[in-house]
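Please read the structure below before turning to the comments.
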Amino acid sequence: MIMKKTFYIWILLNVWMLTGIYAADQVGITANAPDAVAVGDQFRLSFTINTQNVRDFRVGEIKDFDVLMGPSRSQQSSTQIINGKVTSSSSITFTYILMANKEGTFTIPAATAQADGKEVASTPFQVKVLPKDEANGIGGVGSGDTQTSRNSGTLNATDLFITSTTSKTTVYEQEAILLTYKIYAAVDLRGFDNVKLPDFKGFQSQEVELPDDRRWELEHYRGRNYRTTIYRQFVLFPQQTGQLEIESARFDASVARATEAIDPFDAFFNRGNTYVEIKKTLTTPKILVTVNPLPNGKPEGYTGGVGDFSISSSLSSNHVKANDAVTLKINITGVGNLKLIKAPEVKFPDDFEIYDPKVDNQFRITSTGLSGSQTIEYLVIPRNAGNYKIPAVKFSYFDTKSQSYKTLTTEAYELQVDKGDGTSSQTVTNYNNKEDLRILNEDIRFIKQNDVKLRPRGGYFFNSLGYWLFYLIPLAIFIIIFIIYRRQIAENANVTKMKNKKANKVALKRMKEAGKLLADGNGDQFYDEVLKALWGYTSDKLNIPSSMLSKDNIEGQLKEHQVSQEVINEFIEILDTCEFARFAPGEEKHQNMDKVYASALDTIGKMENTIKH
Amino acid sequence: MKQHISILFALLFAVTSAFAQTKAQADSAYINKEYAQAIEIYESLLQQGESGEIYYNLGNAYFKQDELGRAILNYERALLLQPGNADVSANLDIARAKTVDKINPNPEVFFVAWTRALINMLPVDTWGAWGIGFFFCTLAALAIYFFTKGVRWRKIGFFAALISLILCIVTNLFAFEQKGKIDHRTDAIVLSPSVTVRSTPSDEGTSLFVIHEGRKVSIKDNSMKEWKEITLEDGKVGWIPVSAIEII
Chain A
8 MIMKKTFYIW ILLNVWMLTG IYAADQVGIT ANAPDAVAVG DQFRLSFTIN TQNVRDFRVG
68 EIKDFDVLMG PSRSQQSSTQ IINGKVTSSS SITFTYILMA NKEGTFTIPA ATAQADGKEV
128 ASTPFQVKVL PKDEANGIGG VGSGDTQTSR NSGTLNATDL FITSTTSKTT VYEQEAILLT
188 YKIYAAVDLR GFDNVKLPDF KGFQSQEVEL PDDRRWELEH YRGRNYRTTI YRQFVLFPQQ
248 TGQLEIESAR FDASVARATE AIDPFDAFFN RGNTYVEIKK TLTTPKILVT VNPLPNGKPE
308 GYTGGVGDFS ISSSLSSNHV KANDAVTLKI NITGVGNLKL IKAPEVKFPD DFEIYDPKVD
368 NQFRITSTGL SGSQTIEYLV IPRNAGNYKI PAVKFSYFDT KSQSYKTLTT EAYELQVDKG
428 DGTSSQTVTN YNNKEDLRIL NEDIRFIKQN DVKLRPRGGY FFNSLGYWLF YLIPLAIFII
488 IFIIYRRQIA ENANVTKMKN KKANKVALKR MKEAGKLLAD GNGDQFYDEV LKALWGYTSD
548 KLNIPSSMLS KDNIEGQLKE HQVSQEVINE FIEILDTCEF ARFAPGEEKH QNMDKVYASA
608 LDTIGKMENT IKH
Chain B
282 MKQHISILFA LLFAVTSAFA QTKAQADSAY INKEYAQAIE IYESLLQQGE SGEIYYNLGN
342 AYFKQDELGR AILNYERALL LQPGNADVSA NLDIARAKTV DKINPNPEVF FVAWTRALIN
402 MLPVDTWGAW GIGFFFCTLA ALAIYFFTKG VRWRKIGFFA ALISLILCIV TNLFAFEQKG
462 KIDHRTDAIV LSPSVTVRST PSDEGTSLFV IHEGRKVSIK DNSMKEWKEI TLEDGKVGWI
522 PVSAIEII
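So the sequences go chain by chain: A and B.
Read in the working numbering, the first sequence has 495 at position 488, and its numbers run on one by one without any break.
Read in the working numbering, the second sequence has 442 at position 161, and its numbers run on one by one without any break.
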């Protein structure tokens, strides 16, 4: 009976809470009854109207249940003063006590009333009536405690168990599975401790957040009525292929068991019932999941997505200035393994500065996987002006519905970049506005497509007969010409070069002779010899026959050969001295001989240095 | 007679055009990324004769097929026929960079290296042509020397003849050097992924070191049929089975 009492109190509390919540809202009727009951159970049906000004409350005919009592009317009102602000709420509740007498699903009809002068109605709802417990036939869960093995200290396996079920047992890699642990209790379950859940080897697991106010529901299972509730739920994404095993989970349950009081004193205080706590270890069976690998033929741009997705994109602006940031947003929405999707690759122009994409996940865990959206923001900064193309982004995923790969494409964008302001370019370290050539990739150079001539192996022109003929024939021709014109050649060589070269030698030879004559004191012959040496030297050196040389033209000739005026004067002076001395009387001849000899040698030396061919 | 000549011409034309077509076919196969087919055609062309461009293209095709050893072999052959070709050297460098072995060449005295670089600037026939050119220069300069009267011109002619003669001899020496390289090919490329170099020409020989695909070796002793004695650029010597290498 305790069970039932707590149940009622709980409902009442709920009702109060509900009235509190709805007080400020519009006037309406809220119906309340358990979702499922067993045949023979009594239960409470209540209609709450959140105002006290109610007239003409009516409920449609409740024909599928026996009305044991009601409607009984109760009023609640509350006033709250918070910081001087007064809020008051009031409500009227009409309560029926009903009993289910046949199994099936029945509809509780709508209730109508005139509340605050308005016509309001509740929504009809269904109550499931479950068959009676077959196993023991005595009492239902709904009627509180069970009489199963009432007098024994142990629990049957059917009294309390936990099932683990998966939504699918054959899935593709990365396809979500929902694993549910559900408690079936036909006894008074107090709690669990020492819960050991499997570690989900080979899966990526994500626990589903269950609502806090979940309730125990009645469920008919294998001939018995159990109070059931979902204990925990996980969404699993298989990460491996093959047979994966979800290991068993272990729960240590503690159950309160009422025993007949033997001690009358005890029975008096405890209204005839005492409770003992019984511990029981529950384990769930192992589950095998077959994970198939994704089919072959993954398309280009496959990012690992499995599920059902759609994609959209947006560009922050398609007309910017250089060095202004541009954001490309890609939004992937859908259901699947959203968390494991890699950001699709965007081929921005190589000239752009690209930052790591920012990924913003917004999803909930649902029984089919993660549902929600993933927003990927690519921040890029165009550094140079120009018209750029941001190509379409391909996003491929495996569609679990059609069991095939699908490729979605976003739109391509044209981005016009103007020259930036001076202000914004200051953010860039700007030394000389020149960048190093960035090597994007290295590859071999391309083939040569011109037509080529194939040559036999080792077949080259060099060192062949033809090659040497190129030497021999011109050489032969040259030699023939040489022979034909040898006289002229010889002449050219003798007349010019030889004379020139020997001029100095001859002159020096003559001067040597003159030196001897000087020593002997032979004046006439000495001057003669010096004159011959001078004239001969000039003739040879200037390549002019001696017959054509005279004192008159020698000055001009020497000047032509860039002999300085000083040397020319000296030269002519020697000539004069020599000619004069030849006819001078004896003593005078001898006086000048040393001086003339020295200056003649000096002059020849000077002229030899000056006249060069 | 006339008919014969025309038939002959037609045949000649057919042969040349067919040949041109096959090279173009191989090139288009390469462009269409059908590298295996390109390799086949290039190889068959090389049965008829050789050409630096075809060796180069073949090297490229092998490179794309990830056959580094053969790629390097053909680049080396192309370089032998067209020394100083920048494209060939560039691709050879890329292919070499992908090989396993790190190459530590012995440092050469700078003028030896310079001379080698100078010789390798031009292929054998180009050096030969330069030699002939310089020989003509020599003769022309000599003619000036012999047939002019002016001392200045005679001097110019004399020295020009002397210099051209020296250049003629040097270029011919270079040409002989290049010819020697083609005639006596002593370098080889390792084609096996990896090969153990042994101390004696047999499998029982002590393992000295291991060299990998794409490594260039020079053959020191070519007398045996199954085994060759090789030296590496750093001076290491050993015996290698002939099946593992191919002479450039």
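Glycine residues also receive a C-beta, built at the ideal position from the N, C-alpha and C atoms.
This one's a predicted model, so the numbers in the text were calculated from it and none came from an experiment.
Between the alpha carbons of residue i and residue j, how many angstroms are there, rounded?
| i | j | result |
| --- | --- | --- |
| I511 of chain B | F355 of chain A | 51 Å |
| S325 of chain B | A307 of chain B | 10 Å |
| S411 of chain A | E352 of chain A | 22 Å |
| L167 of chain A | N108 of chain A | 26 Å |
| S623 of chain A | I89 of chain A | No information on residue 623 of chain A is available, as it lies outside the stretch 8 to 620 that chain A covers here. |
| F199 of chain A | Q213 of chain A | 21 Å |
| W408 of chain B | L454 of chain B | 9 Å |
| K125 of chain A | E216 of chain A | 40 Å |
| F427 of chain B | A442 of chain B | 11 Å |
| S279 of chain B | D368 of chain B | Outside the shown range of chain B (282 to 529) lies residue 279 of chain B, about which nothing can therefore be said. |
| A421 of chain B | F485 of chain A | 9 Å |
| K365 of chain A | L322 of chain A | 15 Å |
| T291 of chain A | D331 of chain A | 60 Å |
| K175 of chain A | T187 of chain A | 11 Å |
| I551 of chain A | E458 of chain B | 53 Å |
| Y311 of chain B | Q369 of chain A | 49 Å |
| Q329 of chain B | R452 of chain A | 26 Å |
| T236 of chain A | R222 of chain A | 7 Å |
| E514 of chain B | G333 of chain B | 25 Å |
| K586 of chain A | N576 of chain A | Sequence inspection shows Glu at residue 586 of chain A; the Lys mentioned does not correspond to that position. Approximately 15 Å between the Cα atoms of the pair. |
| G249 of chain A | L347 of chain A | 20 Å |
| Y309 of chain A | T407 of chain A | 15 Å |
Can a CB atom of chain B be found closer than 8 Å to the CB of residue i?
| i | result |
| --- | --- |
| Y478 of chain A | yes |
| P481 of chain A | yes |
| L447 of chain A | no |
| Q299 of chain A | Inspection of the sequence shows that residue 299 of chain A is occupied by Asn rather than by Gln. Chain B contact via Cβ: absent. |
| N437 of chain A | In this predicted model, N437 of chain A has a pLDDT of only 47, less than 50, meaning its place in the structure is not dependable; the value taken from the coordinates is given anyway. So, not an interface residue. |
| L461 of chain A | yes |
| I581 of chain A | no |
| Y474 of chain A | yes |
| Y467 of chain A | yes |
| E615 of chain A | no |
| N470 of chain A | yes |
Taking 8 Å as the CB-CB limit, is residue i close to chain A?
| i | result |
| --- | --- |
| Q346 of chain B | no |
| A456 of chain B | yes |
| G330 of chain B | yes |
| I375 of chain B | yes |
| Y336 of chain B | no |
| A317 of chain B | no |
| I413 of chain B | yes |
| L403 of chain B | no |
Taking Cβ positions, are residue i and residue j nearer each other than 8 Å?
| i | j | result |
| --- | --- | --- |
| V298 of chain A | D315 of chain A | no |
| D73 of chain A | E224 of chain A | no |
| Q246 of chain A | G304 of chain A | no |
| V400 of chain A | I339 of chain A | no |
| I190 of chain A | Y238 of chain A | yes |
| T119 of chain A | A128 of chain A | yes |
| I56 of chain A | L105 of chain A | no |
| A514 of chain A | F533 of chain A | no |
| V387 of chain A | N344 of chain A | no |
| G340 of chain B | N372 of chain B | yes |
| I496 of chain A | N338 of chain B | no |
| P78 of chain A | F101 of chain A | yes |
Is the closest heavy atom of the ligand PLP to the C-beta of residue i under 7 Å?
| i | result |
| --- | --- |
| E384 of chain A | This structure simply doesn't include the ligand PLP, nor any ligand for that matter. |
Unbroken beta strand (DSSP E) runs of length 3 or more, entirely within the region 314–386 of chain B: which are they? none
So, does the region 450–458 of chain B touch the region 468–487 of chain B, judging by three or more C-beta pairs under 8 Å? no
Would you call the region 519–531 of chain A and the region 551–567 of chain A in contact, with 3 or more CB pairs under 8 Å? no
Could you tell me whether the region 304–322 of chain B touches the region 336–353 of chain B, where touching means 3 or more Cβ pairs closer than 8 Å? yes
Using a Cβ distance threshold of 8 Å, determine whether the region 364–378 of chain A contacts the region 175–190 of chain A, with at least three qualifying pairs required. yes
Return the chain-ordered ranges of every beta strand (DSSP E) run that is complete within the region 385–415 of chain A and spans a minimum of 3 residues. 393–397 and 401–406
Give a yes or no on contact between the region 461–472 of chain B and the region 483–491 of chain B, applying the rule of three or more CB pairs nearer than 8 Å. no
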